[in-house]
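First up is the structure itself, then whatever we jot down about it.
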Amino acid sequence: MSKKLEKEFQDILHEQMLYLCAGQTLNDLLSKISDLHKVNGAVYEKMCTVQNSSLVTFPFMLGMQLAGKANNISDDRVKPVLSKIAVLLQMLNDYQDLYVDSKLLGKNGTDIQQRKCTWFAANFLEKAFPETKESFKSIYGSEDPGRVTEVKALYSSLQMEEEFDKHKNDLCKIIESEIASIKDAKFRHALFTVYQKSIGAKIEEAHF
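The sequence shown begins at 1 in full-length UniProt numbering and counts up by one.
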């Protein structure tokens, strides 16, 4: 490996480590915020973009660097796609924590107990009536299994799982459309690969 390429790899690594630390710090701060009214979809998406940059942008940038295409990346076309993939990745993680059986997941879901800023919490707070928000705020973050069940019941009352499915499907369509619109074949293939790995599904690659 040339010294120049090694330096470029180090720069990418350092940048992504900074994003990772910043994203994790933001995640922790949001779980401790006293006023949950400040938590919304926009705040959630910003946290996802920063926190998951190392999982989404990092492998893409390394691949493009090795392919000698890094200098040709159009930030206004590629980075918005990567940001949306980062949001989708966190959304799927939030869903697993809330709805997937712990035996299948390999761990117990604790987002509610840890008062995490999840897609469900952020969008519930945007959708709920004031009195329902107050009920949510009083129990969100409790370790009491009964309170956890109450939070899940509040989500069900506003059909948050169905809302999630619609939002996820709409976001997937937007991502796929934006990937397909990129002219450079190597960029399209690399973005598709990152997207495919993120959602953990086999999508017909011929469309890209």
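Ideal Cβ positions, reconstructed from N, Cα and C, are used throughout, including at glycine.
Met-91, buried or exposed, once every other Cβ within 10 Å from all chains shown has been counted against 16 = Looking up residue 91 in the sequence shown gives position 91. Classification of Met-91: buried, given that the 10 Å Cβ count is 16 or more.
Simplified DSSP state of Glu-6, which is helix, strand or coil | Counted from its first residue, the sequence shown places residue 6 at position 6. Annotated three-state conformation of Glu-6 is helix, per DSSP.
Please list, in chain order, all residues of the same chain as Arg-188 whose beta carbon is under 8 angstroms from its beta carbon, the five residues on each side excluded.
-> The residue given as residue 188 occupies position 188 in the sequence shown. Correct list, in chain order: Ile-179, Ala-180, Ile-182 and Phe-208.
Give the C-beta separation of Met-61 and Ile-12 to the nearest angstrom, bearing in mind that I take them to be a contact with Cβ-Cβ under 8 angstroms.
-> Along the sequence shown, read from residue 1 onward, the residue named residue 61 stands at position 61. Along the sequence shown, read from residue 1 onward, the residue named residue 12 stands at position 12. Contact holds; Cβ gap of about 5 angstroms.
Val-78 versus Ala-153 - alpha carbon distance | The residue you call residue 78 lines up with position 78 of the sequence shown. The residue you call residue 153 lines up with position 153 of the sequence shown. Rounded to the nearest angstrom, the gap between the Cα atoms of Val-78 and Ala-153 is 39 angstroms.
Which of helix, strand or coil DSSP assigns to Ala-67 = Along the sequence shown, read from residue 1 onward, the residue named residue 67 stands at position 67. In the structure shown, Ala-67 sits in coil (DSSP, three-state: anything other than H, G, I, E or B).
Answer yes or no: do Thr-49 and Ser-83 have a C-beta to C-beta separation smaller than 7 angstroms?
-> Translated into positions along the sequence shown, residue 49 becomes position 49. Translated into positions along the sequence shown, residue 83 becomes position 83. Taking 7 angstroms as the Cβ cut-off, Thr-49 and Ser-83 qualify as a contacting pair.
Residue burial classification, residue 211 (beta-carbon count within 10 angstroms, cutoff 16) | Outside the displayed span of the chain (1 to 208) sits residue 211, for which this structure offers no information.
Per DSSP, what kind of secondary structure is residue 213 in: helix, strand or coil?
-> With the chain covering only 1 through 208, there is no way to say anything about residue 213.
By a C-beta neighbour count over all protein chains shown, 10 Å radius and 16 as the cutoff for buried, is Thr-25 buried or exposed?
-> As a first step, residue 25 must be located in the sequence shown, where it is residue number 25. Of the residues assessed, Thr-25 falls on the exposed side of the cut-off, its CB having fewer than 16 other CB atoms within 10 angstroms.
Between the region 31–39 and the region 116–131, do at least 3 Cβ pairs fall closer than 8 angstroms?
-> These segments touch.
Go through the region 153–204 residue by residue and report every complete run of the alpha helix (DSSP H) that reaches 4 residues or more, in order.
-> The qualifying runs are 160–180 and 185–199.
With 16 other CB atoms within 10 Å as the buried threshold, where does Met-17 fall?
-> Position 17 of the sequence shown, counted from the start, is the residue given in the question as residue 17. Exposed, by the Cβ-count rule.
Figure out for me which residue from Lys-107, Leu-89 and Leu-88 has the closest Cα to the Cα of Asp-97.
-> Within the sequence shown, numbered from 1, the residue matching residue 97 stands at position 97. Here the closest residue by C-alpha is Lys-107.
Assign Leu-104 to one of two classes, buried (16 or more other C-beta atoms within 10 Å of its C-beta) or exposed (fewer than that).
-> As a first step, residue 104 must be located in the sequence shown, where it is residue number 104. Burial call: exposed.
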